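To start, the structure itself, in structure tokens.
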Amino acid sequence: MKRYIPYAVILGLVWCFVHGTINLNNFVLGFIFAPFIMIPFKPLYNFEHDFSVKRGIKKIPPLARYSFVLITEIIKANIVLAKIVLKPKMDIKPGIIAVPIRTKTELGTTVIANTITLTPGTLTIDISDDRSFLYVHTIDASDPDAVARSIRDGLEKYVLEAFE
Amino acid sequence: MIVDTILEILSNIFLVIGLFFVFLGMLGLVRLPDVYNRLHTTTKIGTLGAFGVMISILLKVGFSPIGVKAITVGLFLLLTAPIAAHMIGRAAHRHGVGLCDESVVDEYGKVCTIKK
Chain S
1 MKRYIPYAVI
11 LGLVWCFVHG
21 TINLNNFVLG
31 FIFAPFIMIP
41 FKPLYNFEHD
51 FSVKRGIKKI
61 PPLARYSFVL
71 ITEIIKANIV
81 LAKIVLKPKM
91 DIKPGIIAVP
101 IRTKTELGTT
111 VIANTITLTP
121 GTLTIDISDD
131 RSFLYVHTID
141 ASDPDAVARS
151 IRDGLEKYVL
161 EAFE
Chain Z
1 MIVDTILEIL
11 SNIFLVIGLF
21 FVFLGMLGLV
31 RLPDVYNRLH
41 TTTKIGTLGA
51 FGVMISILLK
61 VGFSPIGVKA
71 ITVGLFLLLT
81 APIAAHMIGR
91 AAHRHGVGLC
101 DESVVDEYGK
111 VCTIKK
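See the structure below:
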């Protein structure tokens, strides 16, 4: 029961935001209904993981750094794509390449896959069976090593800091 | 009074930026050659375009119920758009949709043929 509480708090806040008015009544309502949402989807929640406030506070600066990097990368991605779309002559060399990843937990792998999709010129297609490679479709595959290197140095570092 | 005017102008600027990026996304959908390249435009540009419109709504109405809902919609789009693109791309590749002629490398194709 104790492990339900952190998730119930988060779901209560989400309910407040979806409802549009953030006040105590809505939060309590969301908090009460949260277990009924969680029980059918039990395998999706990691109940073994212990929440510790100290660790959570320690994670705030890496999370802020990761959010900042994500926002700048999204804006960069849009400018790169806008240039490609508006160019009169299409000269792209797309391809699917395998990119090694170092994340171990499921949350870390999900976050790195989603981050790759939102960053310039890359789109995650699938993960290998042993979870050590991501198959990434990239608009400019003329130099696969450079793409893998930019993911490893640019993004994975921040994801590893913030979510592992 | 001045603050209201500034917010109004900022809101309109964000609306124009958002709609411009949505337009670029649709243009990319028509111009780019195959399903994977088209997914690039619809996810990335679609996300920023929709986010721009949501920020515009937030600036126009403030933190009223509509504004809070707009920002929630934007955050959920940011979370779900990559997953949708990932699933569409994977399904397309597994059904044998080939890459366009300009493609130079397909390391995933090798794995797929071995699995079969």
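Chains as they are written, first to last, in full-length UniProt numbering: chain S, 1 to 164; chain Z, 1 to 116. By construction, the Cβ of each residue, glycine as well, lies at the ideal position given by its N, Cα and C atoms. Model, not experiment: these values are computed from the prediction.
For residue i, which residues of its own chain have a beta-carbon under 7 Å away from its beta-carbon, when the five flanking residues on both sides are left out?
i: T47/Z; result: L77, L78, A81
i: G12/S; result: F27, G30, F31, A34
i: M1/Z; result: none
Under 6 Å Cβ to Cβ from residue i, same chain only, skipping five residues before and after it: list those, please.
i: P144/S; result: I97
State the Cα-Cα distance for the pair residue i and residue j, rounded to the nearest angstrom.
i: P61/S; j: V53/S; result: 14 Å
i: V85/S; j: I22/S; result: 41 Å
i: E73/S; j: F36/S; result: 38 Å
i: F68/S; j: Y45/S; result: 27 Å
i: H86/Z; j: T117/S; result: 8 Å
Here's a check: name, in chain order, each residue in its chain whose Cβ is nearer than 8 Å to the Cβ of residue i, leaving out the five neighbours to either side.
i: residue 166/S; result: There is no way to answer for residue 166/S, as the model of chain S reaches only from 1 to 164.
i: S113/S; result: The residue asked about is misnamed: residue 113/S is Ala in this sequence, not Ser. Contacts found: T124, I127, L134.
i: K116/Z; result: Low local confidence applies: a pLDDT of 41 at K116/Z is under 50, so the model's placement there is unreliable, and no value is given.
Is the CB of residue i under 8 Å away from at least one CB in chain Z?
i: L160/S; result: no
i: A77/S; result: yes
i: G20/S; result: yes
i: I112/S; result: no
i: V85/S; result: yes
i: D145/S; result: no
i: D130/S; result: no
Run the CB neighbour count on residue i, radius 10 Å, all protein chains shown included, and call it buried at 16 or more, exposed below.
i: A50/Z; result: buried
i: N37/Z; result: buried
i: T5/Z; result: exposed
i: N78/S; result: buried
i: E146/S; result: The displayed chain sequence assigns Ala, not Glu, to residue 146/S. So A146/S ends up on the exposed side.
Contact criterion: CB-CB distance below 8 Å. Does residue i meet it with respect to chain S?
i: G74/Z; result: no
i: E107/Z; result: yes
i: G97/Z; result: First, the amino acid is wrong: residue 97/Z is Val here, not Gly. Chain S, which has no Cβ nearer than 8 Å to the Cβ of V97/Z, makes this no.
Self-check item: Whole runs of the alpha helix (DSSP H) within the stretch 69 to 145 of chain S, excluding any shorter than 4 residues
Solution: The qualifying runs are 106 to 118.
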